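Asks: Sending over a structure as structure tokens; questions will come in a sec.
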Amino acid sequence: MAMEFLKNLFYKTDGTTLTVTSNNGFHLRPVAQFVSVAKKYPCKITASFEGTTVDAKGVNTLLALSLEKGSRFKLTCQGKQAKEALEVLRHTFTSLMQEDKEIKAIQKEQSHYKGAFIEGDIISSGIAIAPVYHYKETRVQKKSELTFEEAVHQSIDELEILYTTQAQNSDANIYLAQKELLASLKAKASTLHGLEVLIKDASSELSGGKLKAKISDYKDILQRVKKHLGLEVEAHFPDKPFILLANDLFPSQIEQLSQTDVAGVILKETSINSHTAILLRGAGIPSLIADTSLFDTERSVILDAHSSVVVTDPTRADMEKARKRLEKDNEQKALASEKRFKPAVTQKGRDIKVMANVTDIDSVKISKEEGAQGIGLLRTEFLFKEEKPSFERQTRTYEEIFSHFDDITVRTLDVGGDKALPYLQLPKESNPFLGIRGIRLFQSHPEIMAEQLHAIFAAAGNKTIKIMFPMVSSVEEFHEAKTFAKELAKKHQLDISQILFGIMIEVPSVLFLIESFNEVVDFYSIGTNDLGQYLFAIERTHPTLKVDEASPVLFNVIGTIVKKATKPVSICGELAANKKAIATLINLGIETLSVSPKSIAQTKEEIRHV
Ligand code: PEP
Ligand code: MG
Numbered sequence: 000m001a002m003e004f005l006k007n008l009f010y011k012t013d014g015t016t017l018t019v020t021s022n023n024g025f026h027l028r029p030v031a032q033f034v035s036v037a038k039k040y041p042c043k044i045t046a047s048f049e050g051t052t053v054d055a056k057g058v059n060t061l062l063a064l065s066l067e068k069g070s071r072f073k074l075t076c077q078g079k080q081a082k083e084a085l086e087v088l089r090h091t092f093t094s095l096m097q098e099d100k101e102i103k104a105i106q107k108e109q110s111h112y113k114g115a116f117i118e119g120d121i122i123s124s125g126i127a128i129a130p131v132y133h134y135k136e137t138r139v140q141k142k143s144e145l146t147f148e149e150a151v152h153q154s155i156d157e158l159e160i161l162y163t164t165q166a167q168n169s170d171a172n173i174y175l176a177q178k179e180l181l182a183s184l185k186a187k188a189s190t191l192h193g194l195e196v197l198i199k200d201a202s203s204e205l206s207g208g209k210l211k212a213k214i215s216d217y218k219d220i221l222q223r224v225k226k227h228l229g230l231e232v233e234a235h236f237p238d239k240p241f242i243l244l245a246n247d248l249f250p251s252q253i254e255q256l257s258q259t260d261v262a263g264v265i266l267k268e269t270s271i272n273s274h275t276a277i278l279l280r281g282a283g284i285p286s287l288i289a290d291t292s293l294f295d296t297e298r299s300v301i302l303d304a305h306s307s308v309v310v311t312d313p314t315r316a317d318m319e320k321a322r323k324r325l326e327k328d329n330e331q332k333a334l335a336s337e338k339r340f341k342p343a344v345t346q347k348g349r350d351i352k353v354m355a356n357v358t359d360i361d362s363v364k365i366s367k368e369e370g371a372q373g374i375g376l377l378r379t380e381f382l383f384k385e386e387k388p389s390f391e392r393q394t395r396t397y398e399e400i401f402s403h404f405d406d407i408t409v410r411t412l413d414v415g416g417d418k419a420l421p422y423l424q425l426p427k428e429s430n431p432f433l434g435i436r437g438i439r440l441f442q443s444h445p446e447i448m449a450e451q452l453h454a455i456f457a458a459a460g461n462k463t464i465k466i467m468f469p470m471v472s473s474v475e476e477f478h479e480a481k482t483f484a485k486e487l488a489k490k491h492q493l494d495i496s497q498i499l500f501g502i503m504i505e506v507p508s509v510l511f512l513i514e515s516f517n518e519v520v521d522f523y524s525i526g527t528n529d530l531g532q533y534l535f536a537i538e539r540t541h542p543t544l545k546v547d548e549a550s551p552v553l554f555n556v557i558g559t560i561v562k563k564a565t566k567p568v569s570i571c572g573e574l575a576a577n578k579k580a581i582a583t584l585i586n587l588g589i590e591t592l593s594v595s596p597k598s599i600a601q602t603k604e605e606i607r608h609v
């Protein structure tokens with residue numbers, strides 16, 4: 000035993016040599032994913048390159064090696080679980096390199112403008128015609144009781160929440176990267192000044208190199224910590240359309256920017272693969288990288304992010320040409336948006352229902368505006384995130400939500416796995432995705448589930464509401480939860496005869512039980528996010544592994560469910576909004592898709608072409 004312990008302690012692998020094969024180099028996002036795996040091991044892990052050896056569990060230490068395509072570095076592990084760590088990290092690194100697709104420059108179209116123009120690089124294609132607005136911000140001092148250490152912790156927690164709540168979105172890795180970066184800076188700075196010095200040094204080391212784009216991540220992190228210390232930066236934007244001119248923006252500013260009337264963005268100091276650029280593309284804002292110091296105007300310009308030019312002095316004919324192109328771009332979007340309240344009928348005349356996945360009252364209102372035909376999934380665990388709501392508050396919230404649509408599916412609390420609530424204690428589990436979550440809360444937290452169901456029943460009155468249980472794996476589980484609900488209604492003398500009860504299909508065991516479930520449930524909804532996770536044994540938040548959404552296995556499974564089910568089947572996982580999957584899902588017999596509010600119009604338009 001003691002020998003084993005000592006062997007483990009001093010175990011040192013010979014190490015392995017790894018070669019950076021991605022054209023982007025070993026940059027922040029893969030580094031953060033690599034570090035999050037490395038940190039799971041107790042052993043010491045180092046990386047050596049050109050005579051410098053650094054801690055491979057630190058994002059900034061690894062980044063400081065400036066590993067570019069072709070760089071060969073040595074990875075060494077020493078101590079407990081060293082052998083396993085080396086093996087896993089070697090695999091992780093290889094798959095990170097394979098997955099890290101080069102962000103290719105968007106092909107430029109030829110430009111035919113007559114007026115003076117400057118050229119740039121395309122971040123996000125599209126056209127904008129609007130007055131130029133030069134970025135302005137003010138610094139505000141607010142009250143904060145937090146110490147530096149607490150501010151850092153809150154920033155890390157915030158980034159963790161941003162990462163986990165957007166895990167379906169590939170841009171979410173940006174938050175993981177920033178979280179890991181801050182976590183590794185934390186060890187070296189105990190004051191705000193210390194952190195500022197560290198970031199200044201790191202930025203000047205990166206400037207001019209291939210990893211220059213990461214400087215805005217460093218600055219963004221610093222700003223987040225400062226915000227928790229009361230030192231906020233407030234950006235000001237006009238309330239009419241504008242083309243924003245700035246040196247650079249923080250990734251965290253893109254969300255605010257996309258809520259404004261911004262028509263386009265021109266940045267001087269970013270690169271097409273920076274996090275700011277990725278988020279601008281995600282938000283669909285026409286954007287270019289161009290030398291903003293070459294023109295100083297507040298007049299209207301043409302930002303043509305197809306031809307990659309800014310026409311700073313457009314002629315009348317230039318304006319006409321740009322407007323025509325803009326109209327063409329907008330037509331397609333508008334077509335989908337205009338028809339958003341119309342039914343989604345396929346070419347063969349099948350009327351497919353498009354519902355919304357919602358998390359709160361705001362998203363319910365947005366989904367109504369976007370043309371949703373009902374709520375296919377109300378994720379109730381996001382409704383009351385901070386503190387345990389009273390029965391009255393829950394009832395009021397459900398009442399308001401229920402007033403917006405006739406067809407509503409409410410999912411009971413789906414806590415556990417990657418979702419936590421501060422007031423609901425769950426045991427520490429080594430595999431939380433296989434532990435207490437979803438319907439299993441009826442066993443572990445009956446009082447919370449009773450209160451939630453009671454509030455739903457009270458808010459429903461005599462309206463038909465569909466109640467859906469998540470993570471069901473056996474008929475008995477469903478039966479127990481439904482009996483629980485019925486007894487609860489009886490206790491409160493409530494008539495729930497109009498309430499329908501169904502299940503999410505997320506656990507593979509259900510696939511073998513459909514005939515039995517047909518006898519007891521009123522409906523099914525396929526949760527492809529979790530079903531994919533459990534079918535392929537790939538954790539949905541895994542930093543490097545991803546379920547292949549195009550896998551025929553997933554479609555075969557869905558086809559089998561539709562064939563065997565005698566009750567209505569819908570899909571509410573991310574697959575339902577996947578452009579490439581919609582036709583197949585409909586051809587398999589799916590009649591209802593439930594998608595995020597911003598995907599509704601586009602999903603409907605996609606269906607019309609099937
Ligand atoms: C799913 O698992 O596909 C699903 C819709 O539920 P969630 O993403 O909330 O787990
Ligand atoms: Mg799920």
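Per numbering that gives the first Met the number 0, the very first residue in the sequence shown carries number 0; after that it's consecutive. C-beta atoms are modelled at their ideal positions from N, C-alpha and C, and glycine is treated no differently. All values derive from a computational prediction rather than experimental measurement.
1) Count the other CB atoms, across all protein chains shown, that sit within 10 Å of the CB of N555; report buried if there are 16 or more and exposed otherwise.
2) Taking the alpha helix (DSSP H) that E319 belongs to, which residues open and close that run?
3) Between I611 and V261, what straight-line distance do the alpha-carbon atoms span, to the nearest angstrom?
4) State the CB to CB distance for the pair R360 and T396, rounded to an integer number of angstroms; the pair is presumed to be in contact (CB under 8 Å).
5) Within this structure, are the beta carbons of A576 and V594 separated by less than 7 Å?
6) May I ask you to report which of helix, strand or coil DSSP gives N59?
7) DSSP three-state call for Q140: helix, strand or coil?
8) I'd like the ranges of any alpha helix (DSSP H) spanning at least 4 consecutive residues and lying wholly in the segment 243-293.
9) If you draw a straight line from the C-alpha of A355 to the C-alpha of G119, how long is it?
10) How would you write the range of the alpha helix (DSSP H) that F441 sits in, first residue to last?
11) Below 8 Å on the Cβ atoms is my contact criterion, and I expect I155 with D290 to pass it. Report the Cβ-Cβ distance as a whole number of Å.
12) Determine the DSSP secondary structure at F25, reduced to helix, strand or coil.
13) How is R89 classed by DSSP in three states: helix, strand or coil?
14) Touch check for the segment 81-93 and the segment 36-46: three-plus C-beta pairs under 8 Å?
15) Would you give the residue range spanned by the beta strand (DSSP E) that N356 belongs to?
16) Determine whether the beta carbon atoms of L74 and T15 lie at a separation below 7 Å.
17) Helix, strand or coil, according to DSSP, for R395 in the structure here?
18) Thinking C-beta only, is I599 closer than 7 Å to G370?
19) Quick one: Cα of F390 to Cα of E86, how far?
20) One question on the structure: do I466 and V409 come within less than 7 Å of each other, judged by their Cβ atoms?
21) Using 8 Å as the cut-off, can you tell me whether the segment 266-280 makes contact with the segment 240-247, which would need three or more C-beta pairs spanning the two stretches below that distance?
22) Does Q346 come out as helix, strand or coil in the three-state DSSP assignment?
23) With respect to 6 Å, is the separation between the Cβ of N528 and the closest non-hydrogen atom of the ligand MG below this value?
24) Counting pairs of Cβ atoms below 8 Å between the segment 299-315 and the segment 562-578, do you hit three or more?
25) The ligand MG heavy atoms versus the CB of E380: any closer than 6 Å?
26) Have a look at A166 and D312 and give me their C-alpha separation to the nearest angstrom.
Replies: Result, derived from the coordinates:
1) The residue you call residue 555 lines up with position 556 of the sequence shown. Its Cβ having fewer than 16 others within 10 Å, N555 is exposed.
2) Looking up residue 319 in the sequence shown gives position 320. Residues R315 to E337.
3) The chain is shown from 0 up to 609; residue 611 falls before or after that span and cannot be answered.
4) One-based indexing of the sequence shown puts residue 360 at position 361. One-based indexing of the sequence shown puts residue 396 at position 397. Correcting the residue identity first, residue 360 is Ile in this sequence and not Arg. I360 to T396, Cβ: 7 Å. Contact.
5) By one-based count along the sequence shown, residue 576 stands at place 577. By one-based count along the sequence shown, residue 594 stands at place 595. It is a contact, given that the beta carbons lie within the stated cut-off.
6) By 1-based counting over the sequence shown, the position of residue 59 is 60. Three-state DSSP puts N59 in a helix.
7) Residue 140 sits at position 141 when you count from the first residue of the sequence shown. Residue state, collapsed to three classes: strand.
8) 253-257 and 274-281
9) Start at 1 with the first residue of the sequence shown, and residue 355 comes out as number 356. Start at 1 with the first residue of the sequence shown, and residue 119 comes out as number 120. Roughly 39 Å separates the two Cα atoms.
10) To locate residue 441, count along the sequence shown from 1; it is residue 442. F441 -> alpha helix (DSSP H) spans L440 to S443.
11) In the sequence shown, counting from the first residue as 1, residue 155 sits at position 156. In the sequence shown, counting from the first residue as 1, residue 290 sits at position 291. Going by Cβ atoms, the distance from I155 to D290 rounds to 36 Å, so no, they are not a contact pair.
12) To locate residue 25, count along the sequence shown from 1; it is residue 26. Coil.
13) Position 90 of the sequence shown, counted from the start, is the residue given in the question as residue 89. Of the three classes helix, strand and coil, the one that applies to R89 here is helix, per DSSP.
14) Touching, per the Cβ criterion.
15) Here residue 356 refers to the residue found at position 357 of the sequence shown. First-last of the beta strand (DSSP E) with N356: D350 to V357.
16) Counting from 1 along the sequence shown, the entry for residue 74 is found at position 75. Counting from 1 along the sequence shown, the entry for residue 15 is found at position 16. In this structure, T15 lies closer than 7 Å to L74 by Cβ.
17) Here the question's residue 395 lines up with position 396 in the sequence shown. Helix at R395.
18) What you label residue 370 is simply residue 371 of the sequence shown in a count that begins at 1. What you label residue 599 is simply residue 600 of the sequence shown in a count that begins at 1. Their beta carbons are under 7 Å apart, which means G370 touches I599 by this criterion.
19) Numbered from its first residue, the sequence shown carries residue 390 at position 391. Numbered from its first residue, the sequence shown carries residue 86 at position 87. Using only the alpha carbons, I get a separation of about 51 Å.
20) Taking the first residue of the sequence shown as position 1, residue 466 is located at position 467. Taking the first residue of the sequence shown as position 1, residue 409 is located at position 410. Result yes, Cβ atoms of I466 and V409 sit closer than 7 Å.
21) Cβ pair count under 8 Å is three or more, so yes.
22) On the sequence shown, residue 346 is found 347 positions in, with the first residue counted as 1. Coil at Q346, not helix or strand.
23) Indexing the sequence shown from 1 puts residue 528 at position 529. Yes, the ligand MG has a heavy atom inside 6 Å of this Cβ.
24) no
25) Start at 1 with the first residue of the sequence shown, and residue 380 comes out as number 381. Checking the 6 Å criterion, the Cβ of E380 is out of range of every heavy atom belonging to the ligand MG.
26) Residue numbering aside, residue 166 sits at position 167 when the sequence shown is read from its first letter. Residue numbering aside, residue 312 sits at position 313 when the sequence shown is read from its first letter. Only weak support exists for where A166 lies, its pLDDT of 49 falling under 50; the value from the coordinates is given anyway. Approximately 43 Å between the Cα atoms of the pair.
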